[in-house]
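J.: As they're listed, the protein sequences go chains A and B.
Take the first sequence: its letters are residues 1 to 386, numbered as in my numbering.
Take the second sequence: its letters are residues 1001 to 1386, numbered as in my numbering.
The C-beta atom is built at its ideal place from N, Cα and C for all residues, glycine as well.
Values in this document were obtained by computation on a predicted structure and should not be read as measured data.
Quick one: this structure, given as structure tokens, is what I'll be asking you about.
2 protein chains.
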Amino acid sequence: MEEKSVGTVVPKDFTFGLTEEDKLLLDCGRKIGPVNIRFETYGKLDETRSNAILILHALSGDAHVAGYLDEEKKKIGWWDSMVGPGKAFDTDKYFIVCSNVIGGCSGSTGPRSFNPDSTNVSKIYNMDFPVITIADMVRAQHRLMKHLGIEKWLSLSGGSMGGMQALEWVVSYPEAVASVIPIATTSCLSPQSISFNWVGRQAIMGDPNWNNGNYDLDKVPETGLAIARMLGHITYLSDKSMDKKFGRELQESESYSFDFKHNFKVESYLKHQGEKFVERFDANSYLYISRAMDYFDLSEKFGGNLSVAFSQVRAPFLIISFSSDWLFPPDESIKIVEALRINSIDVTYCDIKSIYGHDAFLLEVNVLERLISDFLRCRYEEVRKK
Amino acid sequence: MEEKSVGTVVPKDFTFGLTEEDKLLLDCGRKIGPVNIRFETYGKLDETRSNAILILHALSGDAHVAGYLDEEKKKIGWWDSMVGPGKAFDTDKYFIVCSNVIGGCSGSTGPRSFNPDSTNVSKIYNMDFPVITIADMVRAQHRLMKHLGIEKWLSLSGGSMGGMQALEWVVSYPEAVASVIPIATTSCLSPQSISFNWVGRQAIMGDPNWNNGNYDLDKVPETGLAIARMLGHITYLSDKSMDKKFGRELQESESYSFDFKHNFKVESYLKHQGEKFVERFDANSYLYISRAMDYFDLSEKFGGNLSVAFSQVRAPFLIISFSSDWLFPPDESIKIVEALRINSIDVTYCDIKSIYGHDAFLLEVNVLERLISDFLRCRYEEVRKK
Chain A
1 MEEKSVGTVV
11 PKDFTFGLTE
21 EDKLLLDCGR
31 KIGPVNIRFE
41 TYGKLDETRS
51 NAILILHALS
61 GDAHVAGYLD
71 EEKKKIGWWD
81 SMVGPGKAFD
91 TDKYFIVCSN
101 VIGGCSGSTG
111 PRSFNPDSTN
121 VSKIYNMDFP
131 VITIADMVRA
141 QHRLMKHLGI
151 EKWLSLSGGS
161 MGGMQALEWV
171 VSYPEAVASV
181 IPIATTSCLS
191 PQSISFNWVG
201 RQAIMGDPNW
211 NNGNYDLDKV
221 PETGLAIARM
231 LGHITYLSDK
241 SMDKKFGREL
251 QESESYSFDF
261 KHNFKVESYL
271 KHQGEKFVER
281 FDANSYLYIS
291 RAMDYFDLSE
301 KFGGNLSVAF
311 SQVRAPFLII
321 SFSSDWLFPP
331 DESIKIVEAL
341 RINSIDVTYC
351 DIKSIYGHDA
361 FLLEVNVLER
371 LISDFLRCRY
381 EEVRKK
Chain B
1001 MEEKSVGTVV
1011 PKDFTFGLTE
1021 EDKLLLDCGR
1031 KIGPVNIRFE
1041 TYGKLDETRS
1051 NAILILHALS
1061 GDAHVAGYLD
1071 EEKKKIGWWD
1081 SMVGPGKAFD
1091 TDKYFIVCSN
1101 VIGGCSGSTG
1111 PRSFNPDSTN
1121 VSKIYNMDFP
1131 VITIADMVRA
1141 QHRLMKHLGI
1151 EKWLSLSGGS
1161 MGGMQALEWV
1171 VSYPEAVASV
1181 IPIATTSCLS
1191 PQSISFNWVG
1201 RQAIMGDPNW
1211 NNGNYDLDKV
1221 PETGLAIARM
1231 LGHITYLSDK
1241 SMDKKFGREL
1251 QESESYSFDF
1261 KHNFKVESYL
1271 KHQGEKFVER
1281 FDANSYLYIS
1291 RAMDYFDLSE
1301 KFGGNLSVAF
1311 SQVRAPFLII
1321 SFSSDWLFPP
1331 DESIKIVEAL
1341 RINSIDVTYC
1351 DIKSIYGHDA
1361 FLLEVNVLER
1371 LISDFLRCRY
1381 EEVRKK
């Protein structure tokens, strides 16, 4: 049976901020422009423009959420299991949009981009790129929304940092959102997560190749970036899924090697993950995006009261967490549910029993599909009745 | 009120393995000698030599468990709250011994020591030091025991890697142990812990100053070692204790700094911990000791069956875990308890409710004191009746 897929996708670009007035004003007070947004779309916008859904990616994700970019089908979308014909985000029914965040390194403006104000020869931002926030990412996406002629998203969804963007969207632009599906996320980064990000960044910035961010592409801080990625990977898995997947098995060996090379299977796995990541991700982008996550605290502008943050919100929510996710544990989702219910907002909350830890949002496809397709169908019917 | 203390302590040295026959045979098959053991003792050995207790230290610990080494009282023992007159390990009643593990960097033979077989100019082991195991550490301690004229320990106790050594002791030398108090430990390192160790070591070995282990003392791999330590620190705390201690508070600032310097209080804390550690600990020792922990699997020599590992054991146990310890969670202690009970061994198990995570074994002094002093009193009475 042929796997259902959106097929080959051609990424698009939208550039704004070419004039001073059109530039993007950021939380830090600086303005940037030009700003490019790399995005992909799947399915068709209906006649009433009411079936558009924005998918938001996590730290290391990109705009390529579904299908493939090449005929060889090497580069499959990061959530292809969830986005396509007949899938949870059904491209036969909905118009799906996914864009690379600003600060990223997969087509949207970030530290590797052209800096018109640079006095350097390279004319590349590197560490002159402003420190951005989740709200800044969302501001840029709002420009894309207007460009696409969409007045209101039928829904917003994403896992991890994608869920943070979804939450920020509905608080910043409540009138532009008909429903929200935050998955495996939090309303505010915990000190433990801030600490993991800190250690990862110290590894990158401590790598001599980092060179204050001014590295050449043939000499990137790959040791530091691989360490940051390997560390991240530990937090994306659960102790139980690691027990199940690796246990204490050795790699190609009957007995301990009595050296410091990768000896356990889990060590080989991490090493491989680190190496793969270095090939596709920019170290400075890692710094900027992880910092944006650190700064995420939805209640901060509302006196530290999360229920006040949601006071202008009317959109119904489907909130999903995973029992073994210790990076953004169920408790974090429950805090959001409680703050929404204080505002009498319609919330469906589901904590999915899973051993896969934080990564479950990429893996627990069957149960996610049932929950999300039902929720979206109801929302779409409501919107069309109006 | 004067704090009860053992006062000023003079560390001692015991050297063995000066002849080929007396060398220490290790699990890897190599022999080392001479081997020095740095140790401290507190209290007096009684006339029947039945009141000796061995305290075993964790990854970054040393022989200096109680009192101070200098009149300025700057260097207080790492478990001074627990070892002293009238304390849990009561030096008025018991003869307490604590030694630095081999592979360490605080007086006992380790990678910084003289290598008699070296062909290098420096004559220092560095990475020519053999990869050691927890059982090798215990073998060296057994030599110290004989040197001290002790036939049987009244008890063995330690937290974390100290608990691993206590477990290894009673399995390797069941006749030499009258009771055991493993705290916040495991019978076998989990793939998650192996992963954290791996990432820490990659940071050290990826630091150009590491220089394949042949660094000068004025140019040590301090960036890598600090990263390993900061990462370790995250695993020693719990998410709840981090929330309570740091939350999202900023360091000397009212608002986000929009840069990559330490901005959150928790970042300053980790930075400080990393810097302090680099001053006192050797990077190669960190590699060797963390590798010894990776290789720890008490059931490995017994067909993977932990209850078989304990089949020769008769000593009663007091096993203690902490509810919020996610590095060596209560489940790991329960596995040990179950394996002991299959052998009808007398086990008292206590899971202490605490928010302090793995570090609780250093912090929950009051409840530890009650449990341990009672347990030791009973064991001492039993031993003296015989």
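Is the shortest distance between the beta-carbon of R1201(B) and the beta-carbons of chain A less than 8 Å?
T.: yes
J.: Leaving out five residues on either side along the sequence, give the residues of the same chain with a beta carbon under 7 Å from the beta carbon of M1(A).
T.: Bear in mind that the predicted position of M1(A) carries a pLDDT of just 39, short of 50, making it too unreliable to give a figure here.
J.: Can you give the beta carbon distance from A1226(B) to V1278(B), rounded, assuming they're within the 8 Å contact cut?
T.: 5 Å
J.: Compare the C-beta of L1363(B) against all C-beta atoms of chain A and say whether one is closer than 8 Å.
T.: no
J.: Does G1294(B) pass the burial test, meaning 16 or more other C-beta atoms within 10 Å, or should it be called exposed?
T.: Residue 1294(B) is actually Asp in this sequence, not Gly. That one is buried.
J.: Grab me the residues of I1102(B)'s own chain with a C-beta within less than 7 Å of its C-beta, minus the 5 sequence neighbours each way, in chain order.
T.: Excluding residues up to 5 positions away in sequence, V1035, S1108, T1109, G1110, I1132, D1136, M1137 and A1140 lie with their Cβ nearer than 7 Å to the Cβ of I1102(B) in the same chain.
J.: N51(A): buried (16+ other C-beta within 10 angstroms of its C-beta) or exposed?
T.: buried
J.: Quick one, are the C-beta atoms of G1077(B) and G1086(B) less than 8 Å apart?
T.: no
J.: Could one say the Cβ of M1001(B) lies closer than 8 Å to chain A's Cβ atoms, at least one of them?
T.: Only weak support exists for where M1001(B) lies, its pLDDT of 39 falling under 50; the value from the coordinates is given anyway. Judged by the 8 Å Cβ criterion, M1001(B) is not in contact with chain A.
J.: Under 9 Å, CB to CB, which of the residues in the region 1100 to 1112 of chain B have a partner in chain A?
T.: Cβ contacts with chain A come from no residue of the region 1100 to 1112 of chain B.
J.: Applying a beta-carbon distance threshold of less than 7 Å, which residues of chain A neighbour W977(B)?
T.: With chain B represented from 1001 up to 1386, any question about residue 977(B) goes unanswered, as that position is not in the structure.
J.: With H, G and I counted as helix, E and B as strand and the rest as coil, what does DSSP make of M1001(B)?
T.: At M1001(B) the pLDDT is 39, less than 50, meaning the model places this residue with poor confidence; the figure from the coordinates comes in the next sentence. Three-state result, M1001(B): coil.
J.: On the DSSP bridge assignment, give the partners of R1280(B) in chain order.
T.: DSSP, once it has assigned bridges, lists no residue as partnering R1280(B).
J.: How far does the alpha helix (DSSP H) with V308(A) in it reach, from first residue to last?
T.: Element bounds for V308(A): L306 to A309.
J.: When burial is assigned at 16 or more other CB atoms within 10 Å of the CB, is K1265(B) buried or exposed?
T.: Looking at its Cβ environment, which holds 16 or more other Cβ atoms inside 10 Å, K1265(B) is buried.
J.: Restricting to Cα atoms, I'd like to know which of L1270(B), I1181(B) and K1261(B) is closest to D1346(B).
T.: I1181(B)
J.: Strictly below 8 Å CB to CB, what residues from chain A border M1205(B)?
T.: F260
J.: DSSP beta-bridge partners for F1264(B)?
T.: Per DSSP, L1250(B).
J.: Quick one, which residues of the region 322 to 340 of chain A are near chain B if we go by CB-CB under 7 Å, in chain order?
T.: When C-beta distances to chain B are compared with 7 Å, every residue of the region 322 to 340 of chain A stays at or above that value.
J.: Should S255(A) go down as buried or exposed, given a rule of 16 or more other Cβ atoms within 10 Å for buried?
T.: exposed
J.: Just list the alpha helix (DSSP H) runs in the region 157 to 244 of chain A, keeping only unbroken ones of 4 residues or longer that don't cross its boundaries, in chain order.
T.: 161 to 172, 191 to 206 and 222 to 236
J.: According to DSSP, simplified to helix, strand and coil, what is V1009(B)?
T.: If DSSP states are grouped into helix, strand and coil, V1009(B) belongs with coil.
J.: Can you check which of these residues, R1229(B), M1205(B), S1253(B) and P1316(B), is closest to W198(A) by C-alpha distance?
T.: For W198(A), the nearest C-alpha among the options comes from R1229(B).
J.: Closer than 7 Å between beta carbons: that is the criterion. Which residues of the region 233 to 255 of chain A meet it against chain B?
T.: I234, D239, M242, D243, F246, G247 and R248
J.: Here's the rule I'm using: 16 or more other beta-carbon atoms within 10 Å means buried, otherwise exposed. How should I37(A) be labelled?
T.: buried
J.: Could you tell me whether the Cβ of V138(A) comes closer than 8 Å to any Cβ of chain B?
T.: no
J.: Does any heavy atom of the ligand PLP sit closer than 7 Å to the C-beta of M1137(B)?
T.: In the structure shown, the ligand PLP is absent, as is every other ligand, since no ligand is present at all.
J.: How far does the alpha helix (DSSP H) with N366(A) in it reach, from first residue to last?
T.: V365 to K385
J.: Run the CB neighbour count on H272(A), radius 10 Å, all protein chains shown included, and call it buried at 16 or more, exposed below.
T.: exposed
J.: Tell me which residues share the same chain as A339(A) and place their Cβ nearer than 6 Å to its Cβ, disregarding the 5 neighbours each side in the sequence.
T.: Correct list, in chain order: L306, S307 and F310.
J.: Could you work out which residue in P1116(B), N1211(B) and C1098(B) is closest to G1017(B) when comparing CA atoms only?
T.: Considering only P1116(B), N1211(B) and C1098(B), the residue with the shortest C-alpha distance to G1017(B) is P1116(B).
J.: For R1384(B), which option in K1244(B), D1046(B), S1113(B) and I1234(B) has the closest C-alpha, if you only look at C-alpha atoms?
T.: D1046(B)
J.: Starting from the N-terminal side, write out each stretch of the alpha helix (DSSP H) that is 4 residues or longer and does not extend beyond the region 287 to 362 of chain A.
T.: 306 to 309 and 330 to 342
J.: Does any residue of chain B have a CB that is nearer than 8 Å to the CB of V65(A)?
T.: Not closer than 8 Å to any Cβ of chain B, the Cβ of V65(A) fails to qualify, so no.
J.: What are the boundary residues of the beta strand (DSSP E) that includes I37(A)?
T.: V35 to Y42
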